[in-house]
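Chains as they are written, first to last, in our numbering: chain H, -15 to 220; chain C, -5 to 212.
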């Protein structure tokens, strides 16, 4: 008898777990999403995907037309899930993991944006995103070269604009593209091998390479991303 | 599809029973009339396929491809040709414009309601006109099983109907139906015209089963 109860509880638990994996779509509700997409020179960008998504569920989607404009109706989810409007991000992407950035971008020539609304009791409304500017994507390769013959140790971290910017729909001017590759310093010493690292950011932005040489005060190297592909050599 | 077959089987079973009853109990109308008067008109049951046709500027007409459904109604003769009764219909639809409707793939619409109307008989023809009101539910489904949600509405309809009796208890009917669904969808002002209501001109035809002995004398 006890075993039966245990099985029933286990079964119910699994059911509840499955239920909690997907957002609950709200009955009798629609929202409207519209805007237009331009590049850094204010030229319209066609064929950019725009999706309204809650967790993995795509609630509505469209692509920008020849004039960069998009408009579509979307479903809504119950308020305990946040609503995300994803511009140029792959469908169903898991944008909560640590790979947040370039691998999630659909058209890799451009940056991407994630608009979100965490408010409860969201009204059935029109989300007019206005002009959505997607900068051209730019890559940076940094070569960390260990120069033999000194005993220096260096710790560093990188700060740059992510290829995906986040915007809170309930705040004005809330666009946040800042991305710390690591929020702590990576230590390099005489035993470290030379290596290279790649990062994806946006054209005409600057990557900050912050480092401390032998635990001295922090210094910063600014690396402007003026080309689609950029390189920088850091010797230690 | 399975539901359509089930309704068809039920219809065939009921019609078989009614025909069998007629064969087993041949009655002389004159004798019957002499002994029991004109008989009792209980009402009728109609059931058949249901062809939904949406029109106007609304989300169903602009963004769905509708397909065959079915309709069943039971009319109880209440007073001198005035009838009342329950009504049920359903149909299916595929979403063809997700940018207009939202990201889901198909819907099944159910209406459960009541009808009231008036019926008259000329020779072997039964003419009636009725109005109905009921709850309309669009059961919407996405690509995944748990993506389901509902849109609801209050449906009202006007329903003229003509039927022809091939036997006392069995006939065929054809019934156009003008229907409006007052949608309960909460949408921003820019979408209100699309989602506030749906117009239909539906057509149904099929089997009519007459209930009561009065049909022998009509």
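Even glycine gets a Cβ: it sits at the ideal position worked out from N, Cα and C. Please read these numbers as outputs of a predicted model, since none were measured by experiment.
In the three-state reduction of the DSSP assignment, residue 220 of chain H falls in the coil class, being assigned neither a helical nor a strand state.
For the stretch 55 to 72 of chain H, the set of residues with a beta-carbon nearer than 7 Å to any beta-carbon of chain C comprises 56, 57, 58 and 59, in chain order.
Non-local C-beta neighbours of residue 103 of chain H in its own chain, meaning closer than 8 Å and more than five positions away in sequence, comprise 63 and 154, ordered along the chain. Distance from the CA of residue 195 of chain H to the CA of residue 203 of chain H, rounded to the nearest whole angstrom, comes to 5 Å. In the structure shown, residue 195 of chain H adopts extended strand secondary structure according to DSSP, grouped into three states. If you look at residue 57 of chain C, you'll find it in the alpha helix (DSSP H) that goes 53 to 57. Within chain H, 14 have C-beta atoms less than 8 Å from the C-beta of residue 189 of chain C, given in sequence order. DSSP places residue 183 of chain H in the strand class (E or B) of the three-state scheme.
At least one beta carbon of chain H lies nearer than 8 Å to the beta carbon of residue 180 of chain C. If you draw a straight line from the Cα of residue 74 of chain C to the Cα of residue 123 of chain C, it comes to about 14 Å.
Counting only Cβ-Cβ distances below 8 Å, residue 93 of chain C has contacts in chain H at 44, 45, 46, 55, 56 and 57, in chain order. At a cut-off of 8 Å between beta carbons, residue 210 of chain H makes no contact with chain C. Segment contact: the stretch 193 to 211 of chain C against the stretch 40 to 51 of chain C, three or more CB-CB distances shorter than 8 Å; contact assigned. Contact between residue 100 of chain H and residue 65 of chain H fails: their C-beta atoms lie close to 11 Å from each other, not under 8 Å. The beta carbon of residue 216 of chain H lies closer than 6 Å to those of 126 and 207 in the same chain, with the five residues before and after it left out. Under the three-state reduction of DSSP, residue 215 of chain H is assigned to strand. Assignment of beta-bridge partners to residue 149 of chain H by DSSP yields H:97. The beta carbon of residue 184 of chain C sits closer than 8 Å to some beta carbon of chain H.
For residue 96 of chain C, the chain H residues whose C-beta falls within less than 7 Å of its own C-beta are 14, 43, 44, 57, 58 and 59, listed in chain order. The residue from H:129, H:92 and H:133 with its alpha-carbon nearest to that of residue 121 of chain H is H:92. Partner residues in a beta bridge of residue 97 of chain C, as assigned by DSSP, do not exist. The alpha carbon of residue 33 of chain H has as its nearest neighbour, out of H:116, H:220 and H:142, the alpha carbon of H:116. Relative to residue 128 of chain C, the option among C:106, C:167 and C:92 whose CA is nearest is C:106.
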